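Some notes on the structure that comes next.
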Amino acid sequence: MEWSKGLKLKYAGKDKSDTLLYIGTVVNYYKENYAVLISMVNLLKKAEVNFVVLDSPLDSGGDIRELGEEALFEEFARKNLEIFKQFGIKRIITVSPHDYNAFKNYYPNVLGKDWEEANITVYHYTEFFNFLIKSGKLKINKKFDLKFTYHDPCKLGRINGIYEEPRSIIASLGSLKEMELNKENSYCCGGGGGGLWYETSKPSRMQDK
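The opening position of the sequence shown corresponds to residue 4 in this note's numbering, with each subsequent residue numbered one higher.
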């Protein structure tokens, strides 16, 4: 949690909130992501969202499952559910599409009734920020005279059908120029399905192309 120094975050177990900003592990350990995490926290505060974070987040286990380690994934899932129940979490905002997909699709399958009874609603941050903008809780004061483009992550788009929320956010900030291949036809970045960790010969590694 090095990135969070000076942000005065609220922590599950110490502060009261049923909304968890789930940082996960991958984004937490890449310094390139720190500016994004800081901006997200500041925007949630500006919108007066009462939320907490975990002081030592456990991985969602999504990549572990996709690399074939079903038993270890179930162990992670049960530990995370125990943490969520312990701290009274009812709403999770994820940063990573991979964590979103794990909570949304894998956890109900492996945890069954235990996950259902926990009654936890999961959002990707693009869904949640779009809601904040549409409801007027997060106000956009000006548009930028810029063109933006957007790459649809597989786990967000093809797998979970979230296409319009990110584009709606972009439309509130400037204009969107779509990539030639977009939405369900978007290129895979190669990082999903455990690809971030799985080493193959250089020429076949999608994220190197």
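Glycine included, every Cβ here is placed at the ideal spot set by N, Cα and C.
Quantities reported herein were computed from a predicted structural model and do not represent experimental measurements.
Asp21 and Asn108 have their alpha carbons spaced roughly 21 Å apart. One thing to note: Leu70 has its Cβ no nearer than 9 Å to the Cβ of Tyr110. Each of Pro156, Gly91 and Glu77 was checked against the Cα of Thr124, and the nearest Cα belongs to Gly91. If only complete runs of 4 or more residues are kept, the stretch 29-67 shows the alpha helix (DSSP H) at 37-49, in order along the chain.
Between Leu114 and Phe147, the beta carbon gap of about 43 Å keeps them out of contact (Cβ cut-off 8 Å). Using a 10 angstroms sphere on the CB of Glu130, the tally of other CB atoms reaches 16 or more, which defines it as buried. Under the Cβ criterion (8 Å, minimum of three pairs), the stretch 55-74 counts as touching the stretch 98-105. The stretch 102-167 contains, as complete alpha helix (DSSP H) runs of 4+ residues, the segments 110-114, 116-121 and 128-137 (chain order). For Ile173, the three-state secondary structure derived from DSSP is helix.
According to DSSP, Leu179 shares a beta bridge with Phe151. In the DSSP assignment, Leu24 falls outside any alpha helix (DSSP H) and lies within the beta strand (DSSP E) extending over Thr22 to Tyr25. Between Leu24 and Ile96, the C-beta spacing is below 9 Å.
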